[in-house]
Amino acid sequence: MARIQLQGKCIWLTGASSGIGESLAFELARRGARVALTARRAEVLEKMVAEIRSQGGQAWSFPGDVTNLDEMKQVVDSIEKSVGPIDVAIPNAGTHLFTVPEQFNSAEYLSIMQLNFGGILYCIEAVLPRMLERGKGWLAPVASLAGYRGLPRAAAYGASKSAAIHFLESIRFHLKRKNITISIVNPGFVKTPLTDKNDFRMPFLVDSQRAARIICRGIERGKREIAFPWPFTWVLKIARILPDPIYEALVNRCW
């Protein structure tokens with residue numbers, strides 16, 4: 002099993018301006034990583050960089066939109082020229098959309114897919130050729146436990162995360178032979194500005210700081226999947242193998 006020490010490593014993190022990404026940026030810096038931050042809001046990134054540096058960490062701002070492939074290629078080029086070769090890429094940008102069949106709009110679903118899944122693809126396309134050329138690298142994209150199986154109101158979000166999980170599990174076979182490690186990050190409910198909008202009880206809710214620590218520890222230990230919290234993870238792992246009638250009956254009782 003591959004392991005990595007984050008101290009001194011150049012780590013590219015997208016979706017860094019809020020939620021899990023924001024907490025992850027500070028946690029990576031505390032562990033001694035050189036953190037390159039990407040998000041659309043440049044002013045927020047600059048404030049984060051200033052705060053991280055005031056705490057003795059190393060961080061740089063590289064604004065960009067992960068749904069724009071050319072921008073991601075430019076970001077990677079800028080990082081590698083000014084910070085150094087990217088050791089670990091953490092494509093984290095994403096959002097959520099509740100399913101409302103009565104107001105079904107396929108364009109909304111495709112926009113979620115473009116950000117949550119397409120954003121991962123664009124980040125990987127931007128950084129992977131350089132990792133392959135160097136003969137080493139680490140990818141730790143953020144998907145979700147929601148990608149395990151269909152859940153009510155999560156058709157758009159769950160589908161995008163399921164696509165990410167399937168893609169990453171598949172490409173891992175190819176990249177392992179090239180010395181590129183993949184850690185798939187599958188969080189459950191994490192308290193962030195995004196989940197604050199939820200109008201339902203979120204089981205096993207964890208704060209974003211704890212989530213960041215779990216993710217960093219999982220990468221350092223070389224975990225193939227960084228899924229948390231573990232009680233919710235195992236509930237959903239078991240749900241994946243339940244026969245459809247049993248699964249649907251259970252979900253209908255809870256929903």
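Count along the sequence shown from 1, add 1, and you get the number used in my numbering.
We put the CB at the ideal spot given by N, CA and C, even for glycine.
What's the gap between the Cα of residue i and the Cα of residue j?
{"i": "residue 102", "j": "residue 162", "result": "20 Å"}
{"i": "residue 47", "j": "residue 127", "result": "23 Å"}
{"i": "residue 131", "j": "residue 255", "result": "47 Å"}
{"i": "residue 117", "j": "residue 217", "result": "21 Å"}
{"i": "residue 189", "j": "residue 140", "result": "20 Å"}
{"i": "residue 72", "j": "residue 148", "result": "27 Å"}
{"i": "residue 180", "j": "residue 166", "result": "20 Å"}
{"i": "residue 85", "j": "residue 240", "result": "43 Å"}
Within the continuous beta strand (DSSP E) that includes residue i, where are the two ends?
{"i": "residue 186", "result": "185-188"}
{"i": "residue 59", "result": "59-62"}
{"i": "residue 39", "result": "35-39"}
{"i": "residue 103", "result": "Per DSSP, residue 103 belongs to no beta strand (DSSP E) and is neither H nor E."}
Of all the options the options, which has the alpha carbon lying nearest to the alpha carbon of residue i?
{"i": "residue 112", "options": "125, 126, 96, 123", "result": "96"}
{"i": "residue 52", "options": "83, 106, 18, 244", "result": "18"}
{"i": "residue 185", "options": "37, 89, 241, 72", "result": "89"}
{"i": "residue 160", "options": "59, 228, 98", "result": "98"}
{"i": "residue 213", "options": "232, 155, 187", "result": "187"}
{"i": "residue 4", "options": "229, 182, 233, 227", "result": "182"}
{"i": "residue 137", "options": "164, 178, 60, 80", "result": "178"}
Using 10 angstroms around the beta-carbon of residue i, count the other beta-carbons present and answer buried if the total reaches 16, otherwise exposed.
{"i": "residue 10", "result": "buried"}
{"i": "residue 153", "result": "exposed"}
{"i": "residue 92", "result": "buried"}
{"i": "residue 224", "result": "buried"}
{"i": "residue 65", "result": "buried"}
{"i": "residue 34", "result": "buried"}
By the DSSP assignment, the alpha helix (DSSP H) with residue i in it spans what residues?
{"i": "residue 54", "result": "43-55"}
{"i": "residue 27", "result": "20-31"}
From the DSSP output, read off the bridge partner residues of residue i.
{"i": "residue 8", "result": "In the DSSP output, where bridge partners are listed per residue, residue 8 has none listed."}
{"i": "residue 139", "result": "89, 182"}
{"i": "residue 13", "result": "37, 90"}
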